[in-house]
Structure formats: C-alpha cells, structure tokens
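Colleague:
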Ligand SMILES: [Zn+2]
C-alpha cells in the first residue's frame with residue numbers, strides 16, 4: 179500500500195479485503211490469484227488486455243475501471259505510475275512508482291524471455307524492487323524455449339501417429355494461448371480448445387493476437403476431435419476427456435517434479451533463477467522485497483552475489499505503508 183496525497187494505492191490486493199470506492203487498486207494481470215481487486219468497489223486500474231481477458235473468463239462486466247496501456251502512465255498527486263511490460267501473459271504489467279523521494283517497482287509475475295505471445299519483461303531502474311520468486315532457486319534454470327517447443331511438437335506428432343489425442347491440461351489464460359500459437363506457427367495441426375480457453379483465446383484475438391483454433395463445444399470442434407489428427411488444449415480438470423487422450427502438462431515445475439500419468443514439459447510463464455538475477459542486476463535497486471516463491475533462498479543469493487539488501491515483503495505491506503521515505507513517520 180502506498181499513500182499519494184489523498185489517494186491510497188493498493189497493488190494486486192488479495193482475497194478478503196473490503197475495498198470501498200475511495201481505494202485505487204492496480205491489477206497486474208488476468209490470472210485469478212491477482213484479480214481479486216476487480217470484484218471490489220474500488221477504482222480499478224489495469225491494462226485493457228487484462229480487463230478484457232478477465233471479463234471474458236469471469237463473464238462479468240467490471241465497473242469503476244480505468245485502463246492504462248503498457249508504456250503509458252497515470253498520476254496520483256505527486257506520484258507518477260508508469261506501466262511496464264511484465265512478459266508473463268498478454269497485457270501483464272509491472273507498475274513503476276516515481277515519487278519525489280523514491281522510485282519503486284512492483285513486478286507482479288514476470289517472465290524475462292520472449293514467448294510466442296509476449297515480449298520479455300522491461301527493466302527500469304528503481305530504489306525499491308518488489309518482485310516474485312516463484313522459481314527463485316538455483317536449481318530452476320529452464321532449457322532454451324525453442325528446445326521445449328521442439329520437444330512438445332515431437333511428442334505431439336508421436337501421439338497422433340499412434341492414434342492418440344495429445345491433450346494439454348493448463349490454466350485458462352496465458353500458457354494455453356502460447357501453446358495454440360506454437361502449433362499455429364510451427365505446424366498445420368488443428369487445435370481444439372475447451373470453451374473456457376476459447377473465451378480467453380477470443381479476448382487475445384480481439385487484442386491483436388492471431389490464434390487459430392476451434393471450440394470443442396461447436397459441431398466443428400466435436401467433428402475435429404472425432405476425426406483425430408488434432409491437438410486438444412483444455413483445463414487442469416480435463417473433464418470428459420476422450421478415451422484415447424494422452425495427457426501433458428506445461429509448467430516450470432516439470433523441471434524437478436514428476437507428474438504421474440502426464441508427460442511434463444518445463445514451459446513456464448515465469449522467470450527462472452538466472453532470469454531473476456539478471457533482471458535484478460539490470461534494475462539495480464537499493465532494496466529488494468520478495469513476495470512469493472523461494473523468498474529466503476533468493477534473498478540470500480541477491481545479498482551474497484549482487485550485494486543488494488533483500489528480504490521478504492513485510493506481511494503488513496497490504497494493510498500499512500511500506501517503509502518508503504515518505505512513510506517514515
Ligand atoms: Zn500469473
């Protein structure tokens with residue numbers, strides 16, 4: 179939480195907080211663990227892509243919202259808030275606060291590698307960096323993305339040749355669109371998507387991406403699934419999978435964890451350990467606050483290897499002011 183004159187600013191607030199109209203919430207991206215702010219009465223700030231994907235998935239219309247594009251900024255009293263690309267999914271952003279006494283960046287979730295649907299996270303200098311560390315452990319260094327893409331295509335071809343239905347079970351937004359795009363760009367294999375993923379696909383297409391897919395609930399989708407020779411992208415629950423489905427997951431955890439009865443590909447939407455360290459080096463903050471993931475491990479690495487003060491984001495940061503210079507009283 180940050181004070182800006184008479185305004186109170188809150189970034190990716192979590193479930194359980196009552197937020198009236200006088201609050202200003204900032205939402206970094208459309209994944210459900212970051213979008214609680216959309217369901218409150220607060221004034222909402224997000225990119226247009228994030229708002230559109232959220233509304234498509236939730237089937238709600240958000241009120242009291244104000245969109246701001248990546249590269250643009252808004253001002254609250256003497257604080258300018260710039261919107262930077264986070265590279266995590268379409269529309270995902272970081273918020274950079276530029277105040278007279280300090281600069282700070284809240285990253286949300288970031289990815290520092292280009293994908294087929296996003297560009298790598300932007301780096302800007304700041305005094306205080308608030309960052310995620312989902313894969314902030316030295317054992318999480320992902321192979322080059324192109325290698326993972328090649329593995330996915332090879333596995334898919336094998337499954338199709340053996341008359342099985344290669345099926346990816348993923349979240350509804352972000353990763354599935356990268357997978358659809360992968361098959362669109364590198365193959366001619368038809369892609370069938372579960373309805374919820376189709377809704378997110380549609381929102382992506384409305385925002386400038388070109389995803390070619392058929393919805394599983396349409397006659398065309400049902401026919402394509404029956405004909406075989408296609409790939410199916412569905413949710414983690416994977417309801418009503420055909421008998422010949424062979425199941426795969428795409429997640430960074432696949433690097434070190436076994437997924438029983440699934441083929442697992444380490445395709446991630448998050449920065450790995452090396453990317454996080456390079457990102458922090460480029461941003462060159464005075465202090466790093468980490469809010470999720472391998473907090474202790476990454477803090478120790480940052481302090482030892484980069485000589486920058488690092489530690490967990492204080493638990494009170496959601497309800498009280500962070501110890502930025504203006505909040506010292
Ligand atoms: Zn996310």
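In my numbering, the protein residues as written are 179 to 507.
Each residue gets a CB set at the ideal place from its N, CA and C atoms; glycine is no exception.
Quick check on this structure: which residue in 206, 278, 197, 270 has the alpha carbon closest to the alpha carbon of residue 382?
Modeller: For this step, residue 382 is matched to residue 204 along the chain shown. The candidate whose alpha carbon is nearest that of residue 382 is 270.
Colleague: So is residue 267 buried or exposed if we call it buried at 16+ other beta carbons inside 10 Å?
Modeller: Residue numbering aside, residue 267 sits at position 89 when the chain shown is read from its first letter. Buried.
Colleague: Hey, would you say the C-beta of residue 207 is under 7 Å away from at least one heavy atom of ligand 1?
Modeller: Within the chain shown, the letter at position 29 stands for residue 207. Residue 207 Cβ: within cutoff of ligand 1.
Colleague: Indicate whether residue 204 and residue 301 have their beta-carbon atoms separated by less than 8 Å.
Modeller: Here residue 204 corresponds to residue number 26 of the chain shown, with the count starting at 1. Here residue 301 corresponds to residue number 123 of the chain shown, with the count starting at 1. Cβ distance not < 8 Å, so residue 204 and residue 301 don't count as in contact.
Colleague: Compute the beta-carbon to beta-carbon distance between residue 311 and residue 454, rounded to the nearest angstrom, for a pair I have assumed lies under 8 Å.
Modeller: As a position in the chain shown, residue 311 is number 133, starting the count at 1. As a position in the chain shown, residue 454 is number 276, starting the count at 1. At roughly 6 Å, the Cβ-Cβ gap stays under 8 Å, so residue 311 and residue 454 are in contact.
Colleague: Compute every distance between the C-beta of residue 382 and the non-hydrogen atoms of ligand 1, then say whether any falls below 7 Å.
Modeller: Residue numbering aside, residue 382 sits at position 204 when the chain shown is read from its first letter. Flag unset: Cβ of residue 382 not near ligand 1.
Colleague: Going by the C-beta, is residue 450 closer than 7 Å to any heavy atom of ligand 1?
Modeller: Residue mapping note: residue 450 aligns to position 272 of the chain shown, counting from 1. Checking every heavy atom of ligand 1 against the Cβ of residue 450, none is found closer than 7 Å.
Colleague: Just to confirm the assignment: which complete alpha helix (DSSP H) runs, minimum length 4, are found wholly within the region 346–384?
Modeller: Correct list: 353–364, 373–384.
Colleague: On the DSSP bridge list, what partners appear for residue 559?
Modeller: The displayed coordinates of the chain run from 179 to 507. Any statement about residue 559 would go beyond what the structure contains.
Colleague: Counting Cβ pairs closer than 8 Å, one from the region 337–352 and one from the region 313–323, do we hit at least three?
Modeller: No: the two stretches stay apart, fewer than three of their Cβ pairs being nearer than 8 Å.
Colleague: What three-state label does DSSP hand residue 200 in the structure shown?
Modeller: The count along the chain shown starts at 1 and reaches residue 200 at position 22. Three-state result, residue 200: coil.
Colleague: Quick one: is residue 386 buried, meaning 16 or more other Cβ sit within 10 Å of its Cβ, or exposed?
Modeller: Indexing the chain shown from 1 puts residue 386 at position 208. Result: exposed.
Colleague: Can you tell me which of 493, 461, 475, 484 puts its alpha carbon nearest to the alpha carbon of residue 306?
Modeller: Residue numbering aside, residue 306 sits at position 128 when the chain shown is read from its first letter. Selected option, being the one with the closest Cα: 461.
Colleague: Can you look up residue 135 in the DSSP assignment and give me helix, strand or coil?
Modeller: Absent from the structure is residue 135, since the part of the chain shown begins at 179 and ends at 507.
Colleague: Taking only the alpha-carbon atoms, compute the straight-line gap between residue 223 and residue 360 and give it to the nearest angstrom.
Modeller: As a position in the chain shown, residue 223 is number 45, starting the count at 1. As a position in the chain shown, residue 360 is number 182, starting the count at 1. For residue 223 and residue 360, the distance between alpha carbons rounds to 31 Å.
Colleague: If you reduce the DSSP assignment to three classes, tell me which class residue 452 lands in.
Modeller: Start at 1 with the first residue of the chain shown, and residue 452 comes out as number 274. Residue state, collapsed to three classes: helix.
Colleague: Do you know whose CA, among 242, 234, 272, 228, lies nearest residue 249's CA?
Modeller: Taking the first residue of the chain shown as position 1, residue 249 is located at position 71. Looking at the Cα atoms, 272 is the closest of the given residues.
Colleague: Does the region 230–246 touch the region 280–287, meaning 3 or more C-beta pairs lie closer than 8 Å?
Modeller: No: the two stretches stay apart, fewer than three of their Cβ pairs being nearer than 8 Å.
Colleague: Out of curiosity, what's the CA-to-CA distance linking residue 413 and residue 215?
Modeller: The sequence position of residue 413 within the chain shown is 235, counting from 1. The sequence position of residue 215 within the chain shown is 37, counting from 1. Going by the C-alpha atoms only, they are around 24 Å apart.
Colleague: Have a look at residue 323 and residue 433 and give me their C-alpha separation to the nearest angstrom.
Modeller: Counting from one through the chain shown, the residue named residue 323 turns up at place 145. Counting from one through the chain shown, the residue named residue 433 turns up at place 255. Cα to Cα, residue 323 sits roughly 13 Å from residue 433.
Colleague: Could you work out which residue in 274, 237, 430, 265 is closest to residue 252 when comparing CA atoms only?
Modeller: Here residue 252 is taken as the residue at index 74 of the chain shown, counted from 1. The candidate whose alpha carbon is nearest that of residue 252 is 274.
Colleague: Starting from residue 226, trace the alpha helix (DSSP H) in both directions and tell me its first and last residue.
Modeller: Taking the chain shown and counting its residues from 1, one reaches residue 226 at position 48. Start and end: 226–236.
Colleague: For residue 492 and residue 469, I'd like the C-alpha separation in whole angstroms.
Modeller: Within the chain shown, the letter at position 314 stands for residue 492. Within the chain shown, the letter at position 291 stands for residue 469. Approximately 8 Å, taken between the alpha carbons.
Colleague: Figure out for me which residue from 375, 415, 423 has the closest Cα to the Cα of residue 232.
Modeller: In the chain shown, the residue the question calls residue 232 occupies position 54. Ranking 375, 415, 423 by Cα distance to residue 232 puts 375 first.
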